[in-house]
Structures are given as structure tokens and as C-alpha cells.
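There are 2 protein chains.
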Amino acid sequence: MTTDAQPLPRTAPEDKSMDDLVALCKRRGFVYPASEIYGGLRGFWDYGPLGTQLKNNIRDWWWKCMVECPPLGPDGEPVSIVGLDSSIIQNPKTWEHSGHVGGFNDPLIDCTESKKRYRADHLLIYLIREGDLNFGVSTVAADEAQAEDIRESLEKTGDPPQGFQDKLFVKRLKQYKGGGYVTFKLGTTATPEELAITFSPEGTKQGTLTEPRTFNLMLDTYPGPIRDEENKAYLRPETAQGIFLNFKNVLDTMRVKVPFGIAQIGKSFRNEVTPRNFIFRSREFEQMEMEFFCPPDESQKWYAFWRDERYKWWLSLGVSEENLILRDHDDDELAHYSSACVDVEYKYPFTAPGFGELEGVAHRGCYDLTAHSKGGDNKDSNTKLDYFDQELQVRLQNEGVDKETIKERSRYVPHVIEPASGLTRAVLVLLCEAFTPTPDRDGSKYIMSFKPKFAPVKAGIFPLVNKDGMPEVAQKLYNELRTKHMVEYDGKQSIGKRYARMDEIGTPFCFTIDGQTLEDQTVTVRDRDTLAQERIALDQVSAWLDAKLAE
Amino acid sequence: MTTDAQPLPRTAPEDKSMDDLVALCKRRGFVYPASEIYGGLRGFWDYGPLGTQLKNNIRDWWWKCMVECPPLGPDGEPVSIVGLDSSIIQNPKTWEHSGHVGGFNDPLIDCTESKKRYRADHLLIYLIREGDLNFGVSTVAADEAQAEDIRESLEKTGDPPQGFQDKLFVKRLKQYKGGGYVTFKLGTTATPEELAITFSPEGTKQGTLTEPRTFNLMLDTYPGPIRDEENKAYLRPETAQGIFLNFKNVLDTMRVKVPFGIAQIGKSFRNEVTPRNFIFRSREFEQMEMEFFCPPDESQKWYAFWRDERYKWWLSLGVSEENLILRDHDDDELAHYSSACVDVEYKYPFTAPGFGELEGVAHRGCYDLTAHSKGGDNKDSNTKLDYFDQELQVRLQNEGVDKETIKERSRYVPHVIEPASGLTRAVLVLLCEAFTPTPDRDGSKYIMSFKPKFAPVKAGIFPLVNKDGMPEVAQKLYNELRTKHMVEYDGKQSIGKRYARMDEIGTPFCFTIDGQTLEDQTVTVRDRDTLAQERIALDQVSAWLDAKLAE
Numbered sequence: 219m220t221t222d223a224q225p226l227p228r229t230a231p232e233d234k235s236m237d238d239l240v241a242l243c244k245r246r247g248f249v250y251p252a253s254e255i256y257g258g259l260r261g262f263w264d265y266g267p268l269g270t271q272l273k274n275n276i277r278d279w280w281w282k283c284m285v286e287c288p289p290l291g292p293d294g295e296p297v298s299i300v301g302l303d304s305s306i307i308q309n310p311k312t313w314e315h316s317g318h319v320g321g322f323n324d325p326l327i328d329c330t331e332s333k334k335r336y337r338a339d340h341l342l343i344y345l346i347r348e349g350d351l352n353f354g355v356s357t358v359a360a361d362e363a364q365a366e367d368i369r370e371s372l373e374k375t376g377d378p379p380q381g382f383q384d385k386l387f388v389k390r391l392k393q394y395k396g397g398g399y400v401t402f403k404l405g406t407t408a409t410p411e412e413l414a415i416t417f418s419p420e421g422t423k424q425g426t427l428t429e430p431r432t433f434n435l436m437l438d439t440y441p442g443p444i445r446d447e448e449n450k451a452y453l454r455p456e457t458a459q460g461i462f463l464n465f466k467n468v469l470d471t472m473r474v475k476v477p478f479g480i481a482q483i484g485k486s487f488r489n490e491v492t493p494r495n496f497i498f499r500s501r502e503f504e505q506m507e508m509e510f511f512c513p514p515d516e517s518q519k520w521y522a523f524w525r526d527e528r529y530k531w532w533l534s535l536g537v538s539e540e541n542l543i544l545r546d547h548d549d550d551e552l553a554h555y556s557s558a559c560v561d562v563e564y565k566y567p568f569t570a571p572g573f574g575e576l577e578g579v580a581h582r583g584c585y586d587l588t589a590h591s592k593g594g595d596n597k598d599s600n601t602k603l604d605y606f607d608q609e610l611q612v613r614l615q616n617e618g619v620d621k622e623t624i625k626e627r628s629r630y631v632p633h634v635i636e637p638a639s640g641l642t643r644a645v646l647v648l649l650c651e652a653f654t655p656t657p658d659r660d661g662s663k664y665i666m667s668f669k670p671k672f673a674p675v676k677a678g679i680f681p682l683v684n685k686d687g688m689p690e691v692a693q694k695l696y697n698e699l700r701t702k703h704m705v706e707y708d709g710k711q712s713i714g715k716r717y718a719r720m721d722e723i724g725t726p727f728c729f730t731i732d733g734q735t736l737e738d739q740t741v742t743v744r745d746r747d748t749l750a751q752e753r754i755a756l757d758q759v760s761a762w763l764d765a766k767l768a769e
Numbered sequence: 219m220t221t222d223a224q225p226l227p228r229t230a231p232e233d234k235s236m237d238d239l240v241a242l243c244k245r246r247g248f249v250y251p252a253s254e255i256y257g258g259l260r261g262f263w264d265y266g267p268l269g270t271q272l273k274n275n276i277r278d279w280w281w282k283c284m285v286e287c288p289p290l291g292p293d294g295e296p297v298s299i300v301g302l303d304s305s306i307i308q309n310p311k312t313w314e315h316s317g318h319v320g321g322f323n324d325p326l327i328d329c330t331e332s333k334k335r336y337r338a339d340h341l342l343i344y345l346i347r348e349g350d351l352n353f354g355v356s357t358v359a360a361d362e363a364q365a366e367d368i369r370e371s372l373e374k375t376g377d378p379p380q381g382f383q384d385k386l387f388v389k390r391l392k393q394y395k396g397g398g399y400v401t402f403k404l405g406t407t408a409t410p411e412e413l414a415i416t417f418s419p420e421g422t423k424q425g426t427l428t429e430p431r432t433f434n435l436m437l438d439t440y441p442g443p444i445r446d447e448e449n450k451a452y453l454r455p456e457t458a459q460g461i462f463l464n465f466k467n468v469l470d471t472m473r474v475k476v477p478f479g480i481a482q483i484g485k486s487f488r489n490e491v492t493p494r495n496f497i498f499r500s501r502e503f504e505q506m507e508m509e510f511f512c513p514p515d516e517s518q519k520w521y522a523f524w525r526d527e528r529y530k531w532w533l534s535l536g537v538s539e540e541n542l543i544l545r546d547h548d549d550d551e552l553a554h555y556s557s558a559c560v561d562v563e564y565k566y567p568f569t570a571p572g573f574g575e576l577e578g579v580a581h582r583g584c585y586d587l588t589a590h591s592k593g594g595d596n597k598d599s600n601t602k603l604d605y606f607d608q609e610l611q612v613r614l615q616n617e618g619v620d621k622e623t624i625k626e627r628s629r630y631v632p633h634v635i636e637p638a639s640g641l642t643r644a645v646l647v648l649l650c651e652a653f654t655p656t657p658d659r660d661g662s663k664y665i666m667s668f669k670p671k672f673a674p675v676k677a678g679i680f681p682l683v684n685k686d687g688m689p690e691v692a693q694k695l696y697n698e699l700r701t702k703h704m705v706e707y708d709g710k711q712s713i714g715k716r717y718a719r720m721d722e723i724g725t726p727f728c729f730t731i732d733g734q735t736l737e738d739q740t741v742t743v744r745d746r747d748t749l750a751q752e753r754i755a756l757d758q759v760s761a762w763l764d765a766k767l768a769e
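Protein sequence lines correspond, in order, to chains A and B.
Note that the first sequence covers residues 219 to 769 in this note's numbering.
Note that the second sequence covers residues 219 to 769 in this note's numbering.
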């Protein structure tokens, strides 16, 4: 039996229901709420058997592309990158000098009536989503005077004033709902007439918002036997700092020279005020970060290189180009030390038709190495984090440059280009991208159309019926394939039900052993997306599958 | 050029210097102290580029053997195991019901003079190591009356009394130093004459020990905006509980039936009082745990199965049989709910000629699932954690058993066999096992003789000299191999120095392109351990390496 291909129906992100996706993720073992039997814990998720496999597949591909077989650089040679796995808990001085103790704060606003708490810089978006209003509310002003400026500017020009930190959200809002602003006084009661919003679940009562207060996003703990301020440590809010701390160790012990990168995958923690959108913003999450150290005068070249490389990498996961954009940060979005930053953004069902962050590629200058380097403002560090560029020295000598200049220029603090993305966010993107409602198909209500390389289960192996020697042949094929790939044997229920289950967990191929197999040693292979069925030789299945998974 | 094989000199664990190994680990990028530029943080370590690669190789092999391609069970069919990745932070109720809030405590003893703090149940060993005495000091008694009993028993019989929790340490001590006990009164001054020990670094002054006090080993933190007792959560001290919490989720969403296992790899945290012995006992570490759920009356069979399987698995890492033992726990070592437990132990340089823990395979009965199950003592759980065994029901029906008995016997709380090991401890074992001083060899002072499958770098590719077309051929070979394996290209320094570096980082094979390569398209391959060199065809290198790494 062979069947012709039919196209997989495509669904726009805005037409995908997050509720349905979350339900499928639970039902099929991708993602469970953490501690569900104890009522859960807000902002924490557990990855089920299939979610773990999917996450591992993405993790391994990133590691392969970044550490084991990095891309060819602008000069055609493979770039040099090494891996690292630093502790989640580091000496607390780390976070003082990185700026996270002083600066890693969210402005929070409470509603005194509902007792709900909001991130001031998210409130604009938040209110829109909660109340489904067709206007925006900006509450991000530092004080009433600034709020007045914002109001005035919005009323006069339709745009927020220059330097207004919430500009991005206002922009997004315009894109989202076509604009229109209402503002209100902080610390005063917002009446339904003024705002037509409220913070109570019923959506009818009025609420009073407090002034924004700061709240540090780092979770803290006390390693060691003594519990005092001196022994307070933090769970890292990013893996990046562990890399900067080890810059000199790597330089001294590995055969690397600038330019080179250090890459790391691992858990980070942020005490998000409003964890939301499934696993998009959770309090415990996994990151994939790489710090690329380069000579200052080559930094723009490397920034452009990684900007393009990382965009291509996301395409290699099977994400469609129309759902993926590169968005350069405006000057007023940049950190003071950063000269450029670009976000890779994805059209999530909950942001569509807008986009939401997926990866940031930042030009961090020499900010981090300088901050952790011995001397200057840093009296705690025992190590100078700079680099002596021997090749540059030789080049300058050959150019006849004077000794003083050579000495000055050959030792420098490398600049850093940082492609930083979330592994758990990548899982979310592949789940959203693969999620395809198929109401018109027989059997499968949903298909998870993962690119085969990333599918948690690569193939199903079925005997058509559980007799006539078919199970023995199928079992033999299963035993052959399982040593190489994640595959499943299934001999229960009707073949249609077995296909439907494989569609929902995203298994790209199903091999069925039927009556003809026993005669001519061929099996059918069924394609998850096109439903096409063709016959291939039993002894070619393994090689056929290898080839498909290498694509 | 071909060279004959010579045997790698073997070094007994007791002759391996931990100081030298730790220095090599730092020098070659295996393990760095965490936050070294800020003076470090006790009990925390960072894994350098090679340590990370080694750790990943072990991690992937465990996952392959446990989840992707589990072993054949007693019936000849592959056992059923799925993966999981649960949060480090769970709802705090988890740790109340698991017993960790109430019971996961260490008895601590302070020296009032030196201000040092000791785990009472480690002090015996600790003093021996610190002072290098030929007798032991037991300080584990709960009170003075018990201490008196212990003293008496030791004096009369040479053995501690029945049920004495420190029995294991006393046993080890005997093995280690040939016995001989001195005891002293808690809370009194121990004079040098009595003990010939002290807790000061100089080793001369006397110290006063306090009574043991309890100290919880879990690190805590406060997720969410409010910092009060109700919102206190814990960093998991083991990954196992995340598995028990998801037992029902996995059962309901995956196609599994008892017997089956759930496996997980991830970070855990224990606020160890005396982190020591390099990465053997650290405060942040990585675990590889599997919970195997089985019918109560099959549990002994599965216990025996996993006991043997896990021992074999450690051998598959290349650990030699003489350094690896299975040690059954005595009845008085077992937790009250456990009917059997066995440790896989390794002869570490710091325990030799004795052994230290590496993995525990425990029969945990129905303790954990019962503890987290709705009802009974647990008023917090919303889920009953039991299992309806349909196959058993059918079997009992066919046997003509009465309905009431069938109903009673077909629903049960599965028993659990738990093979639990440390990934970071496995790294330590492979580092210790591979570490081979070779003072009599030219070039290499040390060889890290990892089994090729686990070596961080699989091959070095060298042009003999950096001219005459050799670099081009070598680079081409490198570009071919690097898409499949971690390999390094090195064209710098003398060939001897390049070999020596590869020996120290444990690279099993070096391919050298020389003059003859250009004539007959062959390369030399040099074996790290035997120093044998043979020539193989250039176009066979990739297949040759694949075959070696599959061993």
C-alpha cells in the first residue's frame, strides 16, 4: 500500500490556542506543572519524558554548533569556542561587581485593592491582556512629574517623550491595537470611567495603584553553617557571569587566543514578579549563553557575524522564517555600556501578530571583564582580566610602530559579543511552531510537526496486527533501531489510533510490518505531516532513518 | 615509522597524589575552584572546558544506557524507562512529606578553641586524616550515657555496641589503620596526651569539643515577592523526589505500566558542613538517579537485577574491577523503610586501601510514594499514588481467585528500587582512574588514560612540520573529523610537546601527517597508552576512529 502526500494544514500563530497547547503538553508528557500534587508552585515547571527529550535534542544541537563544531568565521576558518560548566552559586562578590546586587531590580506596583502586584514596565501590556482594552496605560513613570510629561507628550504627539523607558511597550502596543493612550495619576484611584479597567478578577471594581518600588530579582540563600549577611549568596540570574569569572582560567589553561568564545548551558533563576505565558517566563529556567572575546577594533565585525549566525541557527531548528525576526535595539533601549544589541524574536501565539524575545545578541564592550578585573573600582578581585596579544605585537613590530605604542596597544581588555538565549524558551518555540490543529483529518486532532532531528521520538515500529509472525519481525527491527535512536514499539490498539498518538507526540515516521513484509521483506513508512506511505526494504530502514535524521 | 607497544605503567590508588591530580585538573582545564578571582567559595567548583566535555560524555552514556536504550530485563525484553527533568525548587510541602525538613540533619560538633566545625559522624575519619593518627576517635554518641556505652563496648570487645550508627566508620577505620580506639568525654577538654590530636592547624594545641547539635542540610530561598515562613522553599537535596511527585503524571500520560522506571539527571544542593576531597563532597553537585517502580512481590528480583546492572555499568566506563566493589549494607545501616541497600564503592586515592561511596542501589519499599500520597498522614497531597495492575487482575481472574481478593491485590503502591549516583562523583572517579604518573617516560609526566569513548578530546591532528603541504592535508582531515567528534588541530611546537599535551588531557589517538603521507596517502596513528605507532590510510582515518570510539 502506498498513499500520496497531502500538505499539512498550516495555522497562523494567532490562531493557535495556548490553552490547547498547554493541555497537549500535559496530556502527552511534554511539560507538567511542578509539584502538581501539592497544588503547584508559581513559576516552576517540570519537563516530562518527551519534553526532556526535546530539550536535550535542542541542547545537544546548540552544543554541537557552538562548542563541538563551531561555524566557520569571516576568514573561512572554524571559530574557536570552548565549553564551560560553572556553579549556580558563586562568591557573592560576583554579583556586586556585575551590577546585579545594585541594579537587577524590577519596579513594582501594587494594587491596594486586589493585592495584586505588577511589574511597572509590564503593566502596559499586562492591562491590555487582562482587560482586553483597546488602549494602553503607562505606569512606568518614576514620579508624578515624569508621568505628567508622558501624558503631555502622548496627548500632543501621540508618542511618548524621548528617553521614556517604556517606549518599546508603547510601540508594541501601537502595533497590537492601533494606539490610543489613557494615563492616570499614580497613587490615586483609577475610576472605571477614567480607565475602564480594574485589577480585580471580575473586571469591574476599581483599584488604587501604588508608586513603583524596587525589588531584586535574585533569589538568595546561605551556604555554610553561619546565616548572616556576610554569608548570603545568590542563585545566578544568568550563566554569563560564570564565564567572565573564568576568562583568565580558560586563557591560561586552554590553547586559545583572542578571538575565542566560551559557551555554557545551565539553569538560572529569576524571582519574576509575574511569571506567565507557560514556560516563557518562569522563575527557574535554562540558558544557552556564549561570550565571544575579541579585539576591540574587530568587535563590530564579530557582532555582525554572530547576529547572522544566530538567526540562521534558529532557522536550522525548523522555525519558519515568517515567524522569526531580527529586531535591532534603539539607542535608548541599550545598556549604557553597550553599543549595539539585537533580539531574535519569535511570533508566539500570545504575542502574535507581534513578536516576543527569544535570543539577544549583545555587544557588551569591555564592561564585564573590566567590572571583574583587579584594580580600579574592584578591590575584591585578585586577577587582572586583560589580554596580551602577541600576534598584534609582532604585526605592529613589522609595521615599524614605536615600542611605547606597541606596548600600549598589545595589551587590552577584549570586547565581548554575547549571543544569549533560553533553552527552555527554545523548547517553547519548537512546541508553538510544531503545534498544528488538524480538525479535518481522521484520527489526529493535533499534529506536532517537529523537524525530525528534534522530535523526541524518531520512529514508531508497529506490527499491523499482533499475530502471524508480524510482532517478531517488528520487535527485531525495534531492537536494531533502538541502539541508535529513540524509537517506540507499539503493538496495541488499531493502527489508526497508534498513528494518531505518534502524530500528537510528533514522531515523524512510522514503520509498519504487514502481511506483505513477510512475503517481500518490505515495510511501509508513513510520514507524519503528509500522510504519504511508501514501501522500503526492511534491511534499508536503519540507513533510511539515519539519512532523514541527518537533514 | 611504526613503533611497538609498551605497557602503560600502572599506579595503585594509594600511590596517586590527590594534590598532583587537583593541580593537573586546574592546569589542563578540567576543574577550577568556583569564583577563584574572588577567593573562591567553599564547596563549589567550576568545570572547565575539558571537565565539562568529560562530564557530558558520562552524562550521555548514562542517559543512553538508562533512557534511550535500557538493558534487557530478566525476561529478555528491554526494560521500560522514561526520562524526566523536574525543577530544583519544588513546593516546600515536598520536603516536609519526604522527611527532609524533619530528618535531613547532620549532627555537628564545634571545637570551641579552633572554631572549626565537624560532622559528628565524620569526625572519626576526619581526625585520622587531619592528624594522621593510628587510632580513631568516636564522637558520634548522642549523649554522655551513650558515649559511655560505646567506650565500654570498645574496651571490652574491640567492637562498637549493636546499633551504633558510626559502626561503618569504625569498620573502615579498622581496615584503614588496623584498629585501636581512644575515646573521650564530650564537652571536656581533650588533652594531647589523651588524644595526641588537636583541631588547630598547627597540630599542637588542644581543643574542646561541644555536644553534637543538629543542622539541616537543605539550602533555602524565598521565591515570590513575600519573604515569610510560608513562602520559604528549598533547593532540592536530591533529584529523586521530583520523580516521585511525577509518578502519576508519567503513569497517566506515557504508555508505561509497572514495572517501569523514571530517570533524571540534574543539580542538587546540600549544605555540607565539611565539603572536602576535591569534588567528592561539594555543596552543589550533579546526580543521576533512577526510580524503578515494580510490584511488591517482584521487588527482590529487580533489586538483584539493578545491583548487578549498575556494577557492570561502572565497569563499562573503564573503571578496573579491582578498584570497584559492591558493599551490602548491614541491617543496622539501613533506613527503617528499606529492606536492602548496596553501595558501589571505588578505591579513591584518599580512601585507599579502603573504598568510598560512588552509587547506592536501594530497595526503598513503598516509603516514598506512600509519603506523598493523598490521605493517611498526608493532608496536603491531592493525588493518590498507587497503581491498578490490569494484567495481574486478568491473571488472578484466570486463576479463579475470588473477586474481593482480586480487587484487593490488583491495586497497590509499587515498590521502588533506586540506583542513585553522582555525575560529578563519576567525573572524579574517571579522573582518579585515568590519572597515571609516568616519570620514566620522555615528554609526558602524566597520562590521563581515559577509555576513548569518554575522553574529552578524541584525537589530535598534527602536521609533522608546518610546511611542505602538510598543514593543508592535516587541516582537511581535521575538517572532516570535527563534524563527528571532538578533535583538535595542532601545528605548533615540536611533535613531542604536542604528544605530551595530548597525553595529559587524555586524548587517546594522535594522527600525524608527515612526508610519507604526501607520497602514499597514509598517516601515523599514535596510541596514548602504549605509544605504539602504526600507519593507516588517510581515507580510513574516520572509519578507524569511529570503530575505536564505539568500543
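Using N, Cα and C, we set each Cβ at its ideal position, and we do this for glycine too.
Since the model is a prediction, treat every value here as computed from it, not as a measurement.
Chain-ordered neighbours of residue i on chain A, where CB pairs are closer than 7 angstroms
i: Cys728(B); result: The contacting residues do not exist; Cys728(B) stays about 15 angstroms from chain A at best.
i: Phe433(B); result: Pro443
i: Ser254(B); result: According to the sequence provided, residue 254(B) is Glu. The question's Ser does not apply to it. Within chain A, the residues near Glu254(B) are Asn467.
Listed by chain order, chain B residues near residue i by CB distance under 7 angstroms
i: Arg246(A); result: Thr471
i: Glu286(A); result: Met704
i: Val491(A); result: Pro443
i: Pro267(A); result: Val300, Gly301, Leu302, Val468 and Met472
Cut-off 7 angstroms between Cβ atoms - residues of its own chain near residue i, not counting five sequence neighbours on either side
i: Ala750(B); result: Thr221, Asp222 and Ala223
i: Gly593(A); result: Lys602
i: Asp708(B); result: Gly678, Phe680 and Arg716
i: Glu698(A); result: Ser760
Beta-carbon neighbours of residue i, restricted to chain B and to distances below 8 angstroms
i: Pro296(A); result: Asn697 and Arg700
i: Ser599(A); result: Ile255 and Tyr256
Cβ distance (whole Å) where residue i is taken to contact residue j below 8 angstroms
i: Phe433(B); j: Glu509(B); result: Not quite, the Cβ-Cβ distance comes to about 28 angstroms (not below 8 angstroms), so this is no contact.
i: Lys234(A); j: Pro567(A); result: 4 angstroms
i: Arg746(B); j: Ile665(B); result: 6 angstroms
i: Lys311(B); j: Asp561(B); result: Not a contact, Cβ separation roughly 30 angstroms.
i: Glu651(A); j: Gly536(A); result: 7 angstroms
Interface partners of residue i on chain A, CB under 9 angstroms
i: Trp280(B); result: Those do not exist, as Trp280(B) stays about 12 angstroms from chain A at its closest Cβ, beyond 9 angstroms.
Same chain, Cβ closer than 6 angstroms to residue i, five either side skipped, listed in chain order
i: Lys671(A); result: Leu767
i: Pro288(A); result: Pro296, Val297 and Ile299
i: Phe496(A); result: Val240
i: Met720(B); result: Gly678 and Cys728
Nonlocal neighbours in the same chain, by C-beta distance under 8 angstroms from residue i, ignoring five residues either side
i: Leu453(A); result: Ile306, Ile307, Met436, Leu437, Asp438, Thr439, Ser486 and Phe487
i: Leu682(A); result: Met688, Ile713, Thr730, Ile731, Asp732 and Gly733
Interface residues of chain A facing residue i [CB-CB closer than 8 angstroms]
i: Glu502(B); result: Ser305, Ile306 and Ile307
Residue environment, residue i, which counts as buried when at least 16 other CB atoms sit within 10 Å
i: Leu736(B); result: exposed
Proximal chain B residues relative to residue i, where beta-carbon distance stays under 9 angstroms
i: Asp264(A); result: Leu302, Asp303, Ser304, Ser305, Gln308, Gly460, Leu463, Asn464 and Asn467
Check your understanding: Would you call the stretch 500 to 516 of chain B and the stretch 640 to 647 of chain B in contact, with 3 or more CB pairs under 8 angstroms?
Key -> yes
Practice item. Check whether the stretch 624 to 640 of chain B touches the stretch 510 to 529 of chain B, taking contact to mean three or more Cβ pairs, one atom from each stretch, closer than 8 angstroms. Key: yes
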